[in-house]
Amino acid sequence: MPLAEALREAARRLKTVGIESGRADAELLVAHLVATDRGGEVSRGEVMAGAAAGTLDTPKGFDQIVAARASRVPLQHLTGRAYFRNLTLHVGPGVFIPRPETEVLIDHVNAHLRRRAHENEAAGRDRLVAVDLATGSGALALSMSQENPGCEVYGVELSRSAAEWATRNTELTGLPVSILVQDATRALPGWEGRVDVVVSNPPYIPTTAVPKDPEVADHDPSMALYGGSEDGLAIPKDIAQRASELVRPGGLFVMEHAEVQAEAAARMFSKLGFHEVETIHDLTGRPRATKGYSGV
Numbered sequence: 001m002p003l004a005e006a007l008r009e010a011a012r013r014l015k016t017v018g019i020e021s022g023r024a025d026a027e028l029l030v031a032h033l034v035a036t037d038r039g040g041e042v043s044r045g046e047v048m049a050g051a052a053a054g055t056l057d058t059p060k061g062f063d064q065i066v067a068a069r070a071s072r073v074p075l076q077h078l079t080g081r082a083y084f085r086n087l088t089l090h091v092g093p094g095v096f097i098p099r100p101e102t103e104v105l106i107d108h109v110n111a112h113l114r115r116r117a118h119e120n121e122a123a124g125r126d127r128l129v130a131v132d133l134a135t136g137s138g139a140l141a142l143s144m145s146q147e148n149p150g151c152e153v154y155g156v157e158l159s160r161s162a163a164e165w166a167t168r169n170t171e172l173t174g175l176p177v178s179i180l181v182q183d184a185t186r187a188l189p190g191w192e193g194r195v196d197v198v199v200s201n202p203p204y205i206p207t208t209a210v211p212k213d214p215e216v217a218d219h220d221p222s223m224a225l226y227g228g229s230e231d232g233l234a235i236p237k238d239i240a241q242r243a244s245e246l247v248r249p250g251g252l253f254v255m256e257h258a259e260v261q262a263e264a265a266a267r268m269f270s271k272l273g274f275h276e277v278e279t280i281h282d283l284t285g286r287p288r289a290t291k292g293y294s295g296v
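Note that the sequence shown covers residues 1 to 296 in full-length UniProt numbering.
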């Protein structure tokens, strides 16, 4: 079957099972197969051009990999990659797939770290420390390191499987991030009051809820999804408590949550002594994170 026709059929097949991004997924799967066969990188644009011009053949194994995607295996598990800000991360079973909406947290972290760098220079201090609690694939920790050279960054993860993915991503990117296998609610003993930024995308789904997308419900690790209580906030509260202990005076804590948890998260931050508490909206305008500063 010519590639253009194979892509149309794959898009139709994927849309039939509820995957609205079926055409894009099909093109990315072709790119993955061609890159695996040739070696090197192949872009989705190259696939689109090759299909239109008839210069690219349908790769071997395309029907099988489309069938796997149609069974709702995540695209990222099939390609082994997820994209987060300026990073290409390796992911697979056993680790939460980073989402684009989480990227906005880094913008707030960057702004704070740049201010702290100027303050450190004026005060004669030369080290900034950032911590990602429940780091998963390492997406937030690695982005903080990449976008803030010289910052000392730690990623904390309880799941050994996820920590292995984070360690692999650290090695592949070459970024100087330390991945620690620890409980985020008790992480970094002895570091109290010494951290400039703590960021976290904790598990926050209520224990009574089931994610609607099979890619999430059936493939993301439950440890990375469920927040330990009916409101989903038991684990986030414990992580926020630890963050309040780790950040130095004037330090920043940023945490992602569900949009329905925004008000509860703001109250939680205030009770823990954070000030200038602010809800962060994602690129679609949904209240998806909260930030606050430790008392001076």
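Every residue gets a Cβ at the ideal spot worked out from N, C-alpha and C, and that includes glycine.
Mind checking which residues open and close the alpha helix (DSSP H) that includes residue i?
i              : result
isoleucine 235 : 234-246
threonine 170  : 160-173
valine 73      : Note, valine 73: premise wrong, no alpha helix (DSSP H); not H, not E.
glutamate 215  : 214-217
valine 47      : 44-53
Please report the distance separating the alpha-carbon of residue i from that of residue j.
i                : j              : result
alanine 67       : glycine 22     : 12 Å
valine 153       : leucine 283    : 26 Å
glutamate 9      : leucine 3      : 10 Å
proline 203      : glutamate 20   : 26 Å
leucine 75       : threonine 36   : 15 Å
proline 100      : valine 109     : 16 Å
glycine 273      : glutamate 119  : 22 Å
valine 131       : glutamate 5    : 48 Å
phenylalanine 96 : glutamate 46   : 29 Å
arginine 127     : isoleucine 235 : 30 Å
Let's see if you can read the secondary structure: which residues bound the beta strand (DSSP E) around residue i?
i             : result
serine 178    : 177-180
leucine 133   : 129-133
aspartate 196 : 195-200
Tell me, which residues are paired with residue i by DSSP?
i              : result
leucine 89     : Ala82
glycine 155    : Asp132 and Ile179
methionine 255 : Ser200 and Thr290
isoleucine 19  : DSSP, once it has assigned bridges, lists no residue as partnering isoleucine 19.
threonine 102  : Answer is none; threonine 102 lacks a bridge partner.
threonine 208  : Threonine 208 is not bridged to any residue.
Measuring only between beta-carbons, confirm whether residue i sits less than 7 Å from chain B.
i           : result
glycine 295 : No chain B is part of this structure, which consists of one protein chain only.
Rounded to whole angstroms, how far is the Cβ of residue i from the Cβ of residue j, which I believe are closer than 8 Å?
i             : j             : result
aspartate 238 : threonine 185 : 4 Å
alanine 289   : leucine 105   : 6 Å
inquiry  = Using 8 Å as the cut-off, can you tell me whether the segment 147-167 makes contact with the segment 266-286, which would need three or more C-beta pairs spanning the two stretches below that distance?
reply    = The segment 147-167 is not in contact with the segment 266-286.
key: Segment contact, 8 Å Cβ cut-off, at least three pairs: the segment 73-91 with the segment 140-156   = yes
query = When the Cβ atoms of the segment 165-178 are set against those of the segment 46-63, are three or more pairs found closer than 8 Å?
reply = Using a C-beta cut-off of 8 Å, the segment 165-178 makes no contact with the segment 46-63, since fewer than three inter-stretch Cβ pairs fall below that distance.
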